[in-house]
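K.L.:
One structure, as structure tokens, below. Some questions next.
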């Protein structure tokens with residue numbers, strides 16, 4: 001009996017992954033549409049001075065918030081409870097704000113890592129280019145025996161100790 005209950009509970013968890021309570025079903029569609037309409041109304045009441053672009057986003061916000069409260073409600077009664085709706089909507093809004101901020105932080109971190117990687121690749125390319133250039137050697141002879149290109153003159157800085165081979 002206990003094993004059968006555990007199996008049934010496990011199946012419910014699989015069937016309702018991300019759902020709280022396992023009460024959700026396709027039969028809730030009409031109620032969910034009504035809830036979305038309530039949410040749109042609440043958002044519009046609170047944002048009377050919002051610009052047109054923001055108001056265009058209200059239906060999408062309402063849909064996401066409805067999904068959040070639907071998935072997080074422990075029962076249909078709790079989902080449909082108007083007395084707690086505003087608080088649950090605020091929880092949903094906070095959830096999405098935090099989620100967005102975390103995504104932005106992650107994106108910023110990835111961009112920083114990409115910049116560092118690009119800098120390292122650039123430095124590596126410079127080193128590889130330098131390694132491909134002919135080596136420079138120090139003349140161990142008397143400066144008078146050096147090629148004319150290494151002797152101090154008006155055209156060089158006077159160091160004259162290096163020569164390309």
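In the UniProt record's numbering, the protein residues as written are 1 to 165. Here a beta-carbon is modelled for each residue, glycine too, at the ideal position from N, C-alpha and C.
According to DSSP, simplified to helix, strand and coil, what is residue 80?
P.N.:
The count along the chain shown starts at 1 and reaches residue 80 at position 80. Residue 80: coil per DSSP, three-state reduction.
K.L.:
Between residue 19 and the rest of its own chain, which residues show a CB-CB distance below 6 Å, the 5 nearest in sequence each way excluded?
P.N.:
The residue labelled residue 19 in the question sits at position 19 within the chain shown. Counting only Cβ-Cβ distances below 6 Å, and skipping sequence neighbours, we find 71.
K.L.:
Identify, in the order they occur along the chain, each residue of the same chain with its Cβ nearer than 7 Å to the Cβ of residue 23, setting aside the five sequence neighbours on each side.
P.N.:
As a first step, residue 23 must be located in the chain shown, where it is residue number 23. Closer than 7 Å at Cβ, skipping near neighbours: 75, 76.
K.L.:
Pick helix, strand or coil for residue 35, following the three-state DSSP scheme.
P.N.:
Start at 1 with the first residue of the chain shown, and residue 35 comes out as number 35. It is helical.
K.L.:
Apart from the five residues just before and just after residue 65, which ones in its own chain have a Cβ nearer than 6 Å to its Cβ?
P.N.:
What you label residue 65 is simply residue 65 of the chain shown in a count that begins at 1. Taken in chain order, the residues that qualify are 39, 89, 92.
K.L.:
Within the continuous alpha helix (DSSP H) that includes residue 59, where are the two ends?
P.N.:
Taking the chain shown and counting its residues from 1, the one referred to as residue 59 is at position 59. 58 to 72 is the span of the alpha helix (DSSP H), which, as asked, contains residue 59.
K.L.:
Check whether the segment 101 to 109 touches the segment 36 to 53, counting contact only when three or more Cβ pairs, one atom from each stretch, lie closer than 8 Å.
P.N.:
Touching, no, given that fewer than three Cβ pairs across the two stretches are closer than 8 Å.
K.L.:
Report the residue from 120, 26, 55, 85 whose alpha carbon sits nearest the alpha carbon of residue 68.
P.N.:
Position 68 of the chain shown, counting from 1, holds the residue named residue 68. It is 85.
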